[in-house]
Every structure is written in structure tokens, then in C-alpha cells.
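Residue numbers (our numbering): 103 to 431.
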């Protein structure tokens with residue numbers, strides 16, 4: 103796979119959960135995006151929008167209802183060969199939201215960090231321990247902590263252990279699932295800066311799932327906006343924050359408080375209610391505003407939300423016609 107090829111391709115991913123005889127919860131309903139080597143893709147949306155479900159589906163904690171997931175050029179959405187399974191378990195790692203719940207309280211930290219290496223049969227016991235100690239130091243923890251247990255650490259320290267457990271496998275993609283949401287603001291900044299430093303050193307890709315838009319803006323190269331299991335808009339960080347198109351994206355961004363208290367006092371945030379919005383996400387079509395900026399919306403409504411620029415509208419219509427013609431073939 104070339105350096106410019108995406109390391110992860112998600113195509114029309116659906117994750118539905120049965121909730122009765124004739125009903126299912128459509129937690130993720132037709133989401134498509136790509137992640138490239140060395141980039142951070144931020145996934146934002148309110149609670150219950152499907153962000154964490156996407157992460158768990160990608161790493162195959164859930165079996166996808168339908169759709170395709172290609173990682174490292176391999177299809178990981180269905181039944182996998184042993185070789186592909188081992189590749190997935192080493193090269194894609196996850197940092198969970200609650201470090202205390204994801205760390206075995208009966209195991210020492212060094213054993214938690216090196217467990218993946220042991221399961222995959224990588225190195226001797228001495229080599230695994232040495233690798234674990236090196237990674238422990240890399241995430242800012244002393245080697246002296248290796249024989250302690252999770253309850254002996256603070257929340258920020260436990261999250262560093264979670265990062266170390268992911269890094270020890272030398273992954274190509276890390277899924278960070280709300281990994282900073284339970285931490286103090288100062289600790290959040292430390293963890294995010296640690297992830298950025300590690301990315302510079304290793305060129306690892308990161309799927310950064312969060313609802314803290316300020317942190318997402320700081321760490322992400324591109325951002326996807328999710329609502330009710332549907333991806334509504336995606337683009338570079340600058341495109342999403344400086345030129346949001348979808349009303350839900352605008353509403354989400356307007357929830358960020360202003361630093362100036364005088365301006366904040368008189369500001370009215372945008373309100374968005376799907377039930378009264380007139381949108382039908384199931385009929386949304388992908389519109390390309392630029393090479394990187396895409397919006398999913400009904401064809402007859404997109405013109406009402408675009409800037410008064412005929413080139414943008416013509417480009418959007420051109421991509422729409424192309425998508426329709428491809429679907430008819």
C-alpha cells in the first residue's frame with residue numbers, strides 16, 4: 103500500500119442492534135470515510151450519535167450488520183483468515199474511555215501492557231518485559247510503576263497505561279474512544295499532546311472520537327460530524343470550523359462558548375431539532391464542495407445552504423450526477 107493510499111476505508115457501514123421482534127436500533131446507518139497514514143481523523147457528535155459504536159465496529163468488538171471495512175488493504179468486515187486476524191489485533195489498537203474499567207485490577211501494570219505481545223507470541227518473556235518498560239517510560243511513567251496495580255494510579259496515569267498498552271503493539275491505527283473525557287482539563291492537554299508527539303515519531307494514524315470540539319480542533323487534520331448514526335459533513339479542520347454547511351454542524355459549533363464573557367452573554371446558540379428540521383438523513387446524497395469537504399443532504403436542499411457561489415453548486419451537482427449514474431450501472 104502506498105503512502106498516499108488510505109490505511110482505513112469504511113464504506114456504507116451499518117451497525118443495527120435488535121430491540122424486539124420487529125424493531126432494531128440503527129446505531130450506525132450507512133457511514134463512509136477514510137483515514138490516511140499519519141493523520142488524525144476527528145469524529146464528533148452529541149451523545150448517542152454512534153461515535154463509539156463505529157470505533158467498536160472497526161476493531162471488531164461488534165460484527166458489522168453490513169458494509170465494508172478495509173484496513174491495510176485487507177477486508178476485515180466479515181470472516182477473516184488467521185493472518186488477517188493477527189494483523190488486525192496487532193496493527194489496530196483502541197484506547198478506551200474509562201481506563202479503570204478497561205484495566206484488569208488483578209494484574210500488574212507490566213503484565214497488562216505486555217499481554218498483547220504474549221498472546222501474539224512476540225519475543226521472549228525478557229524481551230516483552232523490556233519492551234513494556236520502554237513504552238512505560240515513553241508515556242511518562244517511571245519503570246518503578248511496573249509492578250503496581252491499576253488502583254494505585256490516578257485517572258491520568260491509568261489512561262497513560264492504556265496508551266502504553268496500545269503502543270506496545272506498534273500499531274498503524276489507534277482508535278481513541280473518548281479517552282480524555284473523564285480527565286481534568288490540565289490532564290486532557292497532557293494526554294492530547296502525548297498522542298501528538300507519538301504520532302510525529304511513529305506516523306501512526308488516529309481516529310479521535312470525542313465531544314470536546316476544542317480538543318478535536320487542536321489535534322485533528324480532518325473531522326467528521328455524526329448525528330443519529332449518519333455522517334452529515336466531513337472536511338479539513340479549517341473547512342468544518344470556518345465554513346460549516348449542514349445546520350447540525352453549525353448548531354454543534356455554536357455550542358462552543360466564547361472566551362469573551364461580554365460577547366458570550368449576548369450570544370444565542372443555533373438550535374437544531376431533527377424532528378422539525380425537514381431533513382431525511384436516509385435520503386441524503388454525498389455532495390463534494392471541495393476535494394476534502396463533503397456534505398450529505400437531499401439534492402433539492404443543498405443549494406439553500408451553500409454560499410452564493412455557482413462554482414460550488416455546479417461542482418456539487420456534478421458529483422451528485424456522477425454518484426447517481428454509478429448507482430444505476
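We treat Cβ as the ideally placed atom computed from N, Cα and C, and that holds for glycine.
Problem set entry | Inter-residue spacing [alpha-carbon to alpha-carbon] between residue 119 and residue 382 | Within the chain shown, the letter at position 17 stands for residue 119. Within the chain shown, the letter at position 280 stands for residue 382. Distance between the alpha carbons of residue 119 and residue 382: 21 Å.
Exercise. Apart from the five residues on each side of it in sequence, which residues of its chain come closer than 7 Å, Cβ to Cβ, to residue 372?
Worked result: What you label residue 372 is simply residue 270 of the chain shown in a count that begins at 1. Result list for residue 372: 352, 353 and 356, in chain order.
Exercise. In three-state DSSP terms, what is residue 144?
Worked result: Counting from one through the chain shown, the residue named residue 144 turns up at place 42. Here residue 144 sits in strand by DSSP.
For this session: Mind reading off the beta-carbon distance from residue 348 to residue 397? Whole number of angstroms is fine, and I expect it under 8 Å.
Result: The residue labelled residue 348 in the question sits at position 246 within the chain shown. The residue labelled residue 397 in the question sits at position 295 within the chain shown. Sure, about 6 Å apart at Cβ, within 8 Å.
Exercise. Quick one: what's got a C-beta closer than 8 Å to residue 258's C-beta in the same chain, skipping five residues either side?
Worked result: The count along the chain shown starts at 1 and reaches residue 258 at position 156. Same-chain partners within the cutoff: 285, 286, 289, 292 and 293.
For this session: Could you spell out where the beta strand (DSSP E) holding residue 116 opens and where it closes?
Result: On the chain shown, position 14 is the one that residue 116 refers to. DSSP places residue 116 inside the beta strand (DSSP E), whose first and last residues are 110 to 120.
Problem set entry | Test item: CB-CB of residue 197 and residue 279 under 8 Å | One-based indexing of the chain shown puts residue 197 at position 95. One-based indexing of the chain shown puts residue 279 at position 177. Yes, these two residues count as a Cβ contact at 8 Å.
For this session: Could you tell me if residue 160 is buried or exposed, where buried requires 16 or more neighbouring beta carbons within 10 angstroms of its beta carbon?
Result: The count along the chain shown starts at 1 and reaches residue 160 at position 58. Taking all protein chains shown into account, residue 160 has 16 or more neighbouring C-beta atoms within 10 Å of its C-beta and is therefore buried.
For this session: With a threshold of 16 other CB atoms inside 10 Å of the CB of residue 184, please say whether the residue is buried or exposed.
Result: Translated into positions along the chain shown, residue 184 becomes position 82. By the Cβ neighbour-count rule, residue 184 is exposed, with fewer than 16 other Cβ atoms within 10 Å of its own.
Exercise. Identify the residues that DSSP records as bridge partners of residue 107: which are they?
Worked result: Mapped onto the chain shown, residue 107 falls at position 5. The secondary-structure analysis by DSSP pairs residue 107 with nothing; it has no beta-bridge partner.
For this session: Tell me, please, whether the CB atom of residue 353 is closer than 8 Å to any CB atom in chain B?
Result: Structure shown: chain B not included; a single protein chain is present.
Exercise. By a C-beta neighbour count over all protein chains shown, 10 Å radius and 16 as the cutoff for buried, is residue 457 buried or exposed?
Worked result: Since the first and last residues shown for the chain are 103 and 431, residue 457 lies out of range.
For this session: Give me the Cα-Cα distance between residue 274 and residue 367, rounded to the nearest whole angstrom.
Result: Indexing the chain shown from 1 puts residue 274 at position 172. Indexing the chain shown from 1 puts residue 367 at position 265. Approximately 45 Å between the Cα atoms of the pair.
For this session: Check residue 399 in the structure and name its three-state DSSP category.
Result: Residue numbering aside, residue 399 sits at position 297 when the chain shown is read from its first letter. The answer is strand: DSSP assigns residue 399 an E or B state.
For this session: Look up residue 292 in the DSSP assignment and give the residues it is bridged to.
Result: Translated into positions along the chain shown, residue 292 becomes position 190. Bridge partners of residue 292: none, in fact.
Exercise. Given a threshold of 16 other Cβ atoms within 10 Å of its Cβ, counted over all protein chains shown, does residue 365 qualify as buried or as exposed?
Worked result: To locate residue 365, count along the chain shown from 1; it is residue 263. Answer is exposed; the Cβ neighbour count stays below 16.
Exercise. Does the distance from the CB of residue 245 to the CB of residue 239 come in under 8 Å?
Worked result: Locating residue 245 in the chain shown gives position 143, counting from the first residue. Locating residue 239 in the chain shown gives position 137, counting from the first residue. The answer is yes: Cβ separation under 8 Å.
Problem set entry | Option in 125, 110, 141 and 127 with minimal Cα separation from residue 306 | Counting from 1 along the chain shown, the entry for residue 306 is found at position 204. Of the candidates 125, 110, 141 and 127, the residue whose Cα lies closest to the Cα of residue 306 is 141.
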